[in-house]
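K.L.:
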Amino acid sequence: MTKKLIITESQFARLKSYINESEVYSRIVKQMKGDLDANYTPTENYVREGGEYHGQPMIKVNVDDEVISPAALFEYMKYKYNMGDEFTKQVIRDWVAGTISDEYTLSKNVPLK
Numbered sequence: 005m006t007k008k009l010i011i012t013e014s015q016f017a018r019l020k021s022y023i024n025e026s027e028v029y030s031r032i033v034k035q036m037k038g039d040l041d042a043n044y045t046p047t048e049n050y051v052r053e054g055g056e057y058h059g060q061p062m063i064k065v066n067v068d069d070e071v072i073s074p075a076a077l078f079e080y081m082k083y084k085y086n087m088g089d090e091f092t093k094q095v096i097r098d099w100v101a102g103t104i105s106d107e108y109t110l111s112k113n114v115p116l117k
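Be aware that the sequence shown starts at 5, since it is given in my numbering, and climbs by one per residue.
1. What's the gap between the Cα of A17 and the Cα of E70?
2. Assess, as a yes-or-no matter, whether the stretch 49 to 61 is touched by the stretch 82 to 93 under the definition of 3 or more beta carbon pairs within less than 8 angstroms.
3. Please go through the same chain and pick out, in chain order, the residues whose beta-carbon is closer than 8 angstroms to the beta-carbon of S26, but skip the five residues on each side of it.
4. CB-CB under 7 angstroms to K93, same chain, minus the five flanking residues each way: which ones, in chain order?
5. Along the beta strand (DSSP E) that carries M81, what are the first and last residues, could you check?
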């Protein structure tokens, strides 16, 4: 038994834009994650403050083993991909935490721009 679904042109346009948006979203996350995996490694740097050691998340550049801050990586990724601040930060956070899913979705839904 088959059922037919009848929708208007405006409903079709909204549905089509939603599908295309989610496809573009996943593609950009996949591209950014691939770039991060190929060129960087998340590490932790221990800094002594007030007699105690505190861990700070840092990023190691694989090419020259230089350690950079997440803020420096954010500025570079923002310049390279020209995406919004929140989106770029969320991609970096999820990449460091390892929470980017196999479908290339983020742990928190943020807009591209």
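Backbone N, C-alpha and C define an ideal beta-carbon position, used for all residues, glycine too.
P.N.:
On the basis of the coordinates in this document:
1. Computed Cα separation, rounded: 48 angstroms.
2. Taking 8 angstroms as the limit for Cβ pairs, the verdict is that the stretch 49 to 61 does not touch the stretch 82 to 93.
3. Leaving aside the five residues that flank S26 on each side, none in its chain has a CB nearer than 8 angstroms to its CB.
4. Excluding positions up to five away in sequence, the list reads F78.
5. Judged by DSSP secondary structure, M81 falls outside any beta strand (DSSP E) and instead within the alpha helix (DSSP H) spanning P74 to Y85.
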